[in-house]
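Participant: What the first sequence shows, in the numbering used here, is residues 43 to 549, in sequence order.
Every residue gets a Cβ at the ideal spot worked out from N, C-alpha and C, and that includes glycine.
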Amino acid sequence: MDNIRVRFAPSPTGFLHIGGARTALFNWLFARKMKGTFILRIEDTDEVRSTEESVNAILRGMEWLGLDWDEGPDFFKDPTNKVQSTARAKGDVGPYFQMSRLDLYKKYADQLMESGNAYHCYCAPEELEAMRTRAMLAKRPPKYDGRCRTLSQEKKDEFEKSGKKPVVRFKTPSQGITEFEDIVRGHVTFENALLDDFVLLKASGIPTYQFAVVIDDYLMKVTHVVRGDDHLSNTPRQILIFHGLGWSDFVKNLKFAHLSMILGPDGSRLSKRHGATSVEEYKNQGYLPEAVINYLSLLGWSTEDSQQLFEKEDLIQKFALERCGKSAAIFDPQKLLWMNGEYIRKSNVDDLTKKALPFIKEAGLIKDENFSKEEFEFVKACVRLEQEKIKLLSDVPKLIDFLVMDDFEYDVKAVEKVLKVPGAIGLLLGIKDKIAALPEFTAASIEKLCRDLATEKNIKTGAVFHPLRVATSGRTQGPSLFHYMEVLGKEKVLRRLEKTCATFAVH
RNA sequence: GGCGCCAUCGUCUAGCGGCCAAGGACGCUGCCCUCUCAAGGCAGAGACCACGGGUUCAAAUCCCGUUGGCGCCA
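(1) Per DSSP, which residues does L243 bridge with? Please list them.
(2) How is V48 classed by DSSP in three states: helix, strand or coil?
(3) Just verifying my parser: in three-state terms, what is the DSSP assignment at C366?
(4) Give me whichever residues DSSP pairs with A371 in a beta bridge.
(5) Helix, strand or coil for A547 per DSSP?
(6) Can you tell me whether A129 is buried or exposed, with buried defined as 16 or more other CB within 10 angstroms of its CB?
(7) Just verifying my parser: in three-state terms, what is the DSSP assignment at E85?
(8) Quick one: grab the DSSP three-state call for M161.
(9) Under 6 Å Cβ to Cβ from I75, same chain only, skipping five residues before and after it: list those, please.
(10) Could you check the C-alpha separation between K263 and R102 for me, to the nearest Å?
(11) Please specify which runs of the alpha helix (DSSP H), each continuous and at least 4 residues long, are wholly inside the stretch 376-464, giving them in chain order.
(12) For D187, report the span of its alpha helix (DSSP H) as first-last.
(13) Check Q359 in the structure and name its three-state DSSP category.
(14) From the DSSP secondary-structure annotation, give me the bridge partner or partners of E233.
(15) Mind checking which residues open and close the beta strand (DSSP E) that includes H316?
(16) For the alpha helix (DSSP H) that G472 lies in, which residues bound it at each end?
(17) Can Q140 and D239 be called in contact, C-beta distance under 8 Å?
(18) Who are F298's beta bridge partners in DSSP?
(19) List the DSSP bridge partners of W343.
(20) Please classify V321: is it buried, with 16 or more other beta-carbons within 10 angstroms of its beta-carbon, or exposed?
(21) Going by DSSP in three states, F80 sits in which element: helix, strand or coil?
(22) Going by the beta-carbon positions, is the gap between G328 and L434 smaller than 8 Å?
(23) Taking the Cβ atom as the reference point for each residue, do L530 and L445 lie within a distance shorter than 8 Å?
(24) How about I46 and H273: are their beta carbons less than 8 Å apart?
(25) Quick one: Cα of A131 to Cα of S157, how far?
(26) Can you say whether M447 is buried or exposed, counting buried as having 16 or more other CB atoms within 10 angstroms of its CB?
(27) Specify whether the stretch 273-291 and the stretch 78-98 touch according to this definition: at least 3 beta carbon pairs, one from each stretch, less than 8 Å apart.
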C-alpha cells in the first residue's frame with residue numbers, strides 16, 4: 043500500500059477544543075501506526091473569526107499532547123508565517139496556512155470556469171437573503187436558484203462596469219447521486235438535486251471551506267480524510283468539485299472516515315456551558331497529557347477486549363479506524379479524572395514533582411527564588427507520601443501543605459475530638475521525650491516506639507496514633523503517620539509536639 | 001423545513017445470527033486490608049439490547065417502519 047497521508051485541519055477561531063483534539067489524535071494515531079505522514083493545516087480562511095492567538099493556542103495544545111506533525115513549509119523561513127510559537131514539528135516545519143495559498147485556489151477556480159464547471163454570480167447578499175427568507179416562508183429548502191448560470195454577456199458586462207465583484211459558484215449537477223464509502227459509516231449516498239450551486243470563491247477572492255479543502259487535499263496528496271461527523275453532509279459537495287476538476291481517479295482512491303461527535307452531559311454538542319472544553323484548560327487544571335490522550339482515544343474507539351489503559355506505543359499499535367464507533371459519545375469528566383489518577387500513580391516521583399511544582403508555587407507553598415536541591419528533595423518526599431491520593435496536579439498543594447508549612451493550621455474538630463480528651467497532652471509529652479531519646483529516627487523505629495508505648499500503657503494503638511497525628515499535622519487524615527514523621531525529621535517533629543502541647547495544655 | 005447520520009447498564013463501550021438468561025471500564029453500594037485518608041482486593045446493584053413489524057430452526061446482531069437524539073444546508 044502506498045504511504046498514507048492524513049491531515050488535521052482546524053480553523054483558528056478558538057482554542058484547541060476537546061473534540062478537535064480527538065480528531066487530531068485519531069489522525070495522528072493512524073499516521074503513526076501506518077508509518078505515514080501527519081499534516082497540520084490551519085484553515086484560516088474565515089477572515090473575521092481567525093486569530094493569531096488561536097493558532098498559537100492550537101499549536102500549544104498539539105505540542106502539549108505530543109501530537110507532532112511531519113510536514114509543511116519551513117516554519118521559520120515561511121514569509122507568511124506570523125506565528126510566534128515554540129511549538130513545531132521535527133525539522134521545524136509547518137503547519138500549512140490556507141491564507142498563504144490563495145493563488146492556488148484562484149488558479150483552480152479559473153480552471154473550473156474555463157471548463158464550464160463554475161460561473162460568476164453577481165447576486166447581492168441582500169438579494170440572496172431575501173430569496174432564502176421567501177423559500178423558508180414557502181416551506182421550501184433554502185437553496186440558491188442558479189439564476190446567474192445563464193446570465194447573458196451583456197448582463198455580465200453591465201455588472202462588471204458597475205464595479206460589482208462576482209463570487210464563483212459551482213455548477214452542481216441537477217441529477218444523479220453522489221456516493222462514497224466511509225470507513226466508519228459504510229456506504230453513504232446523497233441526491234445531487236438537493237444541493238444548490240454553492241460558492242467556491244468569495245468576492246474577496248478567498249475560497250470557501252469546501253473549495254479550499256478539496257484543493258489542499260489533492261495538492262497535499264491526502265489519502266485518508268479523517269474528520270468529525272459534522273462534515274459528512276459536506277462530503278458530496280467536495281466529491282463533486284473533485285470530479286469537476288478532473289480529479290476523479292484521486293477521489294476514487296480517497297478514503298473517508300467520519301468520526302462520531304463528542305457531546306456534553308445533556309446530549310448536545312460539547313460547548314463552553316458544559317465546563318472545560320479547551321485542551322489548555324485541562325492542562326491548567328492539572329491533567330497529564332497522557333491521561334487526556336488515553337481518555338480521548340476511548341471516545342469512539344475501542345478494542346475487542348475493551349482495554350482501558352494504554353501506553354502510547356500500545357495505543358498506536360492497536361488503533362484502527364475500522365474499530366471506530368458510529369454513535370456520538372458523551373464526554374465523562376469523572377472517568378477522565380480517574381484515568382488521570384491512574385497515570386499519576388504510575389508516574390515516577392521525580393517527574394511528578396517537577397510537574398506539580400508550578401501548582402505548588404502557585405499556591406504559595408514555595409518561592410521561586412532560593413529553591414535549593416534540598417528543598418526539592420523534601421517536596422519530592424512529600425509528594426511521594428501523597429502520590430496515590432493525587433488525582434490532579436492541582437491537588438498537590440493542599441495535600442502537602444501541612445508538611446511544608448511548619449505553622450500548619452489545626453482542624454477545630456480534630457482538636458476537639460482527639461487533643462482535648464483527658465490525658466492526651468500528657469501522653470504526647472511522654473512520646474515527645476521518648477522521641478527525643480530515639481537514636482535512629484525512621485518510620486520503623488517511630489512505629490515500634492509507639493506500639494511499645496501502647497502495650498506498656500495497656501491502651502489501643504489507635505489511642506497513641508491518633509493524638510500523635512493531630513499533634514504533628516493538625517488533622518485526622520493524611521499519609522502514613524510514621525512515614526511522614528520520618529520525612530519531617532526529628533527536629534521538626536519535636537518542635538511541632540512542643541508547640542501543640544503548649545497550645546492545648548489544660549491547666 | 002429538507003437531507004444525512006446515529007440508537008446495548010447513569011456514562012464510555014464489547015458484541016459483527018446460535019458461545020449473551022448480554023462481557024469490560026468509570027461512577028455507585030457493601031465487605032476485606034488498615035494508624036486516618038487513599039490505593040488495592042472481593043462482592044453487589046445497574047441494560048425487558050429505543051419501540052413496532054418482518055426474515056430465520058435461531059436476532060442485541062439482517063431488513064422495513066416509527067420515535068428520539070445529533071449534524072448539515074445556515
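Facilitator: According to the data block:
(1) Here residue 243 corresponds to residue number 201 of the first sequence, with the count starting at 1. L243 is bridged to V210 and P249.
(2) Here residue 48 refers to the residue found at position 6 of the first sequence. In this structure, V48 counts as strand in the three-state DSSP scheme.
(3) On the first sequence, position 324 is the one that residue 366 refers to. C366 carries a strand assignment under DSSP once its states are collapsed to helix, strand and coil.
(4) One-based indexing of the first sequence puts residue 371 at position 329. According to DSSP, which records beta bridges pairwise, A371 is partnered with I304.
(5) Here residue 547 is taken as the residue at index 505 of the first sequence, counted from 1. In the three-state DSSP reduction, A547 falls in the coil class, being neither helix nor strand.
(6) As a working note, residue 129 is residue 87 in the first sequence. Confidence in A129 is poor, its pLDDT being 49 and thus under 50, which makes the residue's placement too unreliable to answer from.
(7) Counting from 1 along the first sequence, the entry for residue 85 is found at position 43. E85 falls in the coil class under three-state DSSP.
(8) As a first step, residue 161 must be located in the first sequence, where it is residue number 119. Here residue 161 is Tyr; the residue named in the question, Met, does not match the sequence. Reduced to three states, the DSSP call for Y161 is strand.
(9) For the purposes of this step, residue 75 is taken as the residue at position 33 of the first sequence. Before going further, note that residue 75 is Lys rather than Ile in the sequence given. I358 and F361.
(10) By 1-based counting over the first sequence, the position of residue 263 is 221. By 1-based counting over the first sequence, the position of residue 102 is 60. Distance between K263 and R102, taken at the CA atoms: about 26 Å.
(11) Within the stretch 376-464, the runs of alpha helix (DSSP H) at least 4 residues long that lie entirely inside it are, in chain order, 391-404, 415-428 and 438-446.
(12) Indexing the first sequence from 1 puts residue 187 at position 145. Premise fails: D187 is in no alpha helix (DSSP H) and is neither H nor E.
(13) Here residue 359 refers to the residue found at position 317 when the first sequence is read from its first residue. Reduced to three states, the DSSP call for Q359 is helix.
(14) Here residue 233 refers to the residue found at position 191 when the first sequence is read from its first residue. In the DSSP assignment, E233 is bridged to I219.
(15) Here the question's residue 316 lines up with position 274 in the first sequence. Careful: H316 lies outside any beta strand (DSSP E) and carries neither H nor E.
(16) For the purposes of this step, residue 472 is taken as residue 430 along the first sequence, with counting starting at 1. Looking at the DSSP string, the run of the alpha helix (DSSP H) that includes G472 is A466 to A478.
(17) The residue given as residue 140 occupies position 98 in the first sequence. The residue given as residue 239 occupies position 197 in the first sequence. No, they are not a contact pair.
(18) On the first sequence, position 256 is the one that residue 298 refers to. Answer is D224 and V267, bridged to F298.
(19) Locating residue 343 in the first sequence gives position 301, counting from the first residue. C366.
(20) Here residue 321 corresponds to residue number 279 of the first sequence, with the count starting at 1. A residue is called buried when at least 16 other Cβ atoms come within 10 angstroms of its Cβ; V321 meets this threshold and is buried.
(21) To locate residue 80, count along the first sequence from 1; it is residue 38. The three-state reading of DSSP puts F80 in strand, counting E and B together.
(22) Residue numbering aside, residue 328 sits at position 286 when the first sequence is read from its first letter. Residue numbering aside, residue 434 sits at position 392 when the first sequence is read from its first letter. Against a cut-off of 8 Å, the Cβ pair of L434 and G328 comes out as a contact.
(23) In the first sequence, residue 530 corresponds to position 488, counting from 1. In the first sequence, residue 445 corresponds to position 403, counting from 1. L530 places its beta carbon less than 8 Å from that of L445.
(24) For this step, residue 46 is matched to residue 4 along the first sequence. For this step, residue 273 is matched to residue 231 along the first sequence. Taking 8 Å as the Cβ cut-off, I46 and H273 do not qualify as a contacting pair.
(25) Reading the first sequence from its first residue, position 89 is the one you call residue 131. Reading the first sequence from its first residue, position 115 is the one you call residue 157. Bear in mind that a pLDDT of 49 at A131, under 50, signals an unreliable position, so the model cannot answer this.
(26) Residue 447 sits at position 405 when you count from the first residue of the first sequence. With fewer than 16 other Cβ atoms within 10 Å, it is exposed.
(27) By the criterion of at least three beta-carbon pairs nearer than 8 Å, the stretch 273-291 is not in contact with the stretch 78-98.
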